[in-house]
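Data block below; observations after.
Residue numbers (the numbering used here), protein chains in the order written: chain H, 22 to 231; chain A, 22 to 231.
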């Protein structure tokens, strides 16, 4: 497996959050106290190789891109949609899939904490208010960032099966949420249309043993 | 808060795993198929600033350092132990604390999947076989990497309180394990001395609501 990290330029890319507005007419928010590492982009979007899976991560940096009128991510998503086997969005990253138009007529979910804004992109998207993640054909989308771990467990299980996957998950000692419908966060964040009967707790443990 | 990422040199540091032996007389293991990003080191250990918290992460790269006779991490840990407010180790990273001698007479835990090797370092360490994480004074240590998330939730709660922390955790939609004694992984990995009465499942949900 090869991991290509794609950005506008190769080299270090900060994961810190540039100043941005949280909404129209709101003051500029400065989150420069939020620490984050830089990771190294291996390719520009112009020079990116063929991809089996295109994963668009989340983060508030998406707001800064929007407000700066920078559209490279949605254009890249659109240009690669037909070639990839899986198009994956996590949290605010799902917004780029919506803006690219690839969610039209599809079921998808996104961040529950920022639901109103996060679902303001795209047309005719069937936004699912209570879902930790949603699979619709080759499009997989997850709720807030931590839900991305559980979606990736489900996607890797789909690709490789539990026999190969579970020993690795047990080695890293992660107890995944395996029910995509468990979304207590949609309830506590009062997402319109959320299913109030979802239990707040989910009981999890080592996969293959529970 | 300032995040300093400390390594032997500044600039990109690969998180990929160099070839290494898993144990004495075992063949060299090549895990070059395991993908991982490069992150940017901000300081060398010689030029690192004063630190409030020193966190030593895990990973199989620790084996390659050992086998190459590279001891900079344990020397850095030893040199900073008196100055820091918290000395934190995650998974195989705990081994560097042990090798530095700072765990002598202390309670600590580490990876359950690689328990025998992981606990082979240090002298007079009171290794706790069933614990997702262990706090002993200013030393906090966690089991395998995913347990590090739950330890960090506990440490941040200790530092900032739930009123500030929980809204952020609920925004990222993480449901932390809050009981340090829940360690189903010690049971499934057959760690000697593990508590067999620990339930395999832990029921978790949005902090502050469950």
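Even glycine gets a Cβ: it sits at the ideal position worked out from N, Cα and C. Nothing here was measured: the structure is a model prediction, and the numbers come from that model.
**Asked** Can you list the alpha helix (DSSP H) stretches of 4 or more residues lying completely in the segment 166-204 of chain H, in chain order?
**Response** Whole alpha helix (DSSP H) segments, 4+ residues: 166-181, 183-193.
**Element boundaries [beta strand (DSSP E), containing residue 59 (chain A)]** = The residue labelled residue 59 (chain A) in the question sits at position 38 within the second chain. It spans 59-62 - the beta strand (DSSP E) in which residue 59 (chain A) sits, taken as one unbroken run.
**Prompt:** According to DSSP, is residue 208 (chain H) helix, strand or coil?
**Reply:** Within the first chain, numbered from 1, the residue matching residue 208 (chain H) stands at position 187. Helix.
**DSSP-derived helix/strand/coil call for residue 138 (chain A)** = Mapped onto the second chain, residue 138 (chain A) falls at position 117. It is helical.
**Message:** Cβ closer than 9 Å: which chain A residues qualify as neighbours of residue 51 (chain H)?
**Reply:** Mapped onto the first chain, residue 51 (chain H) falls at position 30. Going along chain A, no residue has its Cβ under 9 Å from residue 51 (chain H), so there is no contact; the nearest lies around 14 Å.
**Message:** Which of the three DSSP states is assigned to residue 96 (chain A) in this structure?
**Reply:** What you label residue 96 (chain A) is simply residue 75 of the second chain in a count that begins at 1. Correct three-state label for residue 96 (chain A): helix.
**Request:** From the DSSP output, in three-state form, read off residue 101 (chain A) for me.
**Result:** Locating residue 101 (chain A) in the second chain gives position 80, counting from the first residue. Helix at residue 101 (chain A).
**Pairwise C-alpha distance: residue 76 (chain H) and residue 104 (chain H)** = Locating residue 104 (chain H) in the first chain gives position 83, where the first residue counts as 1. Locating residue 76 (chain H) in the first chain gives position 55, where the first residue counts as 1. CA-to-CA, the gap between residue 104 (chain H) and residue 76 (chain H) works out to about 13 Å.
**Request:** Identify whether residue 36 (chain A) lies in helix, strand or coil by the three-state DSSP scheme.
**Result:** In the second chain, residue 36 (chain A) corresponds to position 15, counting from 1. In the structure shown, residue 36 (chain A) sits in coil (DSSP, three-state: anything other than H, G, I, E or B).
**Request:** Using a Cβ cut-off of 7 Å, pull out every chain H residue sitting near residue 22 (chain A), in sequence order please.
**Result:** Along the second chain, read from residue 1 onward, the residue named residue 22 (chain A) stands at position 1. Close to residue 22 (chain A), with beta-carbon spacing below 7 Å, are these residues of chain H in chain order: 54, 56.
**Proximity of residue 74 (chain A) and residue 52 (chain A) at Cβ, strictly below 8 Å** = Indexing the second chain from 1 puts residue 74 (chain A) at position 53. Indexing the second chain from 1 puts residue 52 (chain A) at position 31. The criterion of a C-beta distance shorter than 8 Å is not satisfied by residue 74 (chain A) and residue 52 (chain A).
**Asked** What do you get for residue 30 (chain A), buried or exposed, if any count of 16 or more other CB atoms within 10 angstroms of its CB means buried?
**Response** Locating residue 30 (chain A) in the second chain gives position 9, counting from the first residue. It counts as exposed.
**Message:** Starting from residue 87 (chain H), trace the alpha helix (DSSP H) in both directions and tell me its first and last residue.
**Reply:** Translated into the one-based positions of the first chain, residue 87 (chain H) becomes position 66. Going by DSSP, residue 87 (chain H) is part of the alpha helix (DSSP H) stretching over 82-88.
**Backbone CA spacing between residue 115 (chain A) and residue 72 (chain A) [nearest angstrom]** = Translated into the one-based positions of the second chain, residue 115 (chain A) becomes position 94. Translated into the one-based positions of the second chain, residue 72 (chain A) becomes position 51. The C-alpha of residue 72 (chain A) is placed about 18 Å away from the C-alpha of residue 115 (chain A).
**Request:** Buried or exposed for residue 216 (chain A), please, with buried defined as at least 16 other CB atoms from any protein chain shown within 10 angstroms of its CB.
**Result:** The sequence position of residue 216 (chain A) within the second chain is 195, counting from 1. By the neighbour-count rule (16 or more Cβ atoms within 10 Å), residue 216 (chain A) is not buried but exposed.
**Message:** For residue 110 (chain A), report the span of its beta strand (DSSP E) as first-last.
**Reply:** Residue numbering aside, residue 110 (chain A) sits at position 89 when the second chain is read from its first letter. For residue 110 (chain A), the enclosing beta strand (DSSP E) covers residues 107-111.
**Item:** Within chain H, the residues that residue 226 (chain A) reaches when beta carbons sit closer than 7 Å
**Value:** By 1-based counting over the second chain, the position of residue 226 (chain A) is 205. The contact set of residue 226 (chain A) on chain H, defined by CB atoms closer than 7 Å, consists of 205, 221, 222, 223 in chain order.
**Request:** Check the Cβ-Cβ distances between residue 181 (chain A) and every residue of chain H, and say whether any is below 8 Å.
**Result:** Indexing the second chain from 1 puts residue 181 (chain A) at position 160. Interface residue (Cβ-Cβ distance to chain H less than 8 Å): residue 181 (chain A) is not classified as such.
**Message:** Below 8 Å on the Cβ atoms is my contact criterion, and I expect residue 153 (chain H) with residue 141 (chain H) to pass it. Report the Cβ-Cβ distance as a whole number of Å.
**Reply:** Taking the first residue of the first chain as position 1, residue 153 (chain H) is located at position 132. Taking the first residue of the first chain as position 1, residue 141 (chain H) is located at position 120. With a contact defined as Cβ atoms closer than 8 Å, residue 153 (chain H) and residue 141 (chain H) miss out at about 21 Å.
**Prompt:** Short check: CB of residue 157 (chain A) to CB of residue 198 (chain A), under 8 Å?
**Reply:** In the second chain, residue 157 (chain A) corresponds to position 136, counting from 1. In the second chain, residue 198 (chain A) corresponds to position 177, counting from 1. In terms of Cβ geometry, residue 157 (chain A) and residue 198 (chain A) do not form a close pair [threshold 8 Å].
**Asked** Where does residue 56 (chain H) fall in DSSP's three states?
**Response** Locating residue 56 (chain H) in the first chain gives position 35, where the first residue counts as 1. In the structure shown, residue 56 (chain H) sits in coil (DSSP, three-state: anything other than H, G, I, E or B).
**Asked** Can you list the residues of chain H that residue 116 (chain A) reaches, using a CB-CB cut of under 9 Å?
**Response** On the second chain, position 95 is the one that residue 116 (chain A) refers to. Those within 9 Å of residue 116 (chain A) in chain H number zero; the least Cβ separation is about 16 Å.
**Message:** I want to verify the contact list: residues of chain H whose CB lies under 8 Å from the CB of residue 71 (chain A), in sequence order.
**Reply:** Sequence index remark: in the second chain, residue 71 (chain A) carries index 50 (1-based). Ordered by position in chain H, no residue passes the 8 Å Cβ test against residue 71 (chain A), which lies about 16 Å from the chain.
**Message:** I need the DSSP call for residue 115 (chain H), collapsed to helix, strand or coil.
**Reply:** As a working note, residue 115 (chain H) is residue 94 in the first chain. Here residue 115 (chain H) sits in helix by DSSP.
**Asked** At a cut of 8 Å, does the segment 177-186 of chain H reach the segment 129-136 of chain H through at least three beta carbon pairs?
**Response** With a cut-off of 8 Å on Cβ pairs, the segment 177-186 of chain H is not in contact with the segment 129-136 of chain H, counting fewer than three such pairs.
**Prompt:** Do you know how far the Cα of residue 143 (chain A) is from the Cα of residue 45 (chain A)?
**Reply:** Along the second chain, one-based indexing puts residue 45 (chain A) at 24. Along the second chain, one-based indexing puts residue 143 (chain A) at 122. Those two C-alpha atoms are separated by around 18 Å.
**Message:** Check this for me: beta carbons of residue 192 (chain H) and residue 228 (chain H), under 8 Å apart or not?
**Reply:** Along the first chain, read from residue 1 onward, the residue named residue 192 (chain H) stands at position 171. Along the first chain, read from residue 1 onward, the residue named residue 228 (chain H) stands at position 207. Contact: no.
**Asked** Hey, residue 118 (chain H) and residue 98 (chain H): beta-carbon distance below 8 Å or not?
**Response** Along the first chain, one-based indexing puts residue 118 (chain H) at 97. Along the first chain, one-based indexing puts residue 98 (chain H) at 77. For the pair residue 118 (chain H) and residue 98 (chain H), the CB atoms are nearer than the 8 Å cut-off.
**Closer than 7 Å at the beta carbon, the chain A residues around residue 209 (chain H)** = Residue 209 (chain H) sits at position 188 when you count from the first residue of the first chain. Under the 7 Å cutoff, chain A gives 191, 227, 230.
**Prompt:** Cβ of residue 61 (chain A) less than 8 Å from any chain H Cβ?
**Reply:** As a working note, residue 61 (chain A) is residue 40 in the second chain. So yes, residue 61 (chain A) belongs to the interface.
**Prompt:** Which stretch, first to last residue, makes up the beta strand (DSSP E) that contains residue 162 (chain H)?
**Reply:** Position 141 of the first chain holds residue 162 (chain H). First-last of the beta strand (DSSP E) with residue 162 (chain H): 160-163.
**Prompt:** Between residue 25 (chain H) and the rest of its own chain, which residues show a CB-CB distance below 8 Å, the 5 nearest in sequence each way excluded?
**Reply:** Mapped onto the first chain, residue 25 (chain H) falls at position 4. Within the same chain, residue 25 (chain H) has close Cβ partners 63, 64, 69, 70, 72.
**Cβ-based neighbour list, residue 112 (chain A), same chain, cut-off 6 Å, excluding 5 preceding and 5 following** = The residue given as residue 112 (chain A) occupies position 91 in the second chain. The beta carbon of residue 112 (chain A) sits closer than 6 Å to those of 79, 132, 165, 166, all from its chain and outside the five residues before and after it, given in chain order.
**Prompt:** residue 27 (chain H) and residue 108 (chain H) look like a contact to me (Cβ under 8 Å); what is the Cβ gap, rounded to whole Å?
**Reply:** One-based indexing of the first chain puts residue 27 (chain H) at position 6. One-based indexing of the first chain puts residue 108 (chain H) at position 87. No, residue 27 (chain H) and residue 108 (chain H) are not in contact; Cβ-Cβ is about 14 Å, not under 8 Å.
**Message:** At a CB distance below 7 Å, what residues from the segment 23-43 of chain A approach chain H? Give them in sequence order.
**Reply:** Within the segment 23-43 of chain A, the residues whose Cβ lies closer than 7 Å to some Cβ of chain H are 23, 24, 26, 33, listed in chain order.
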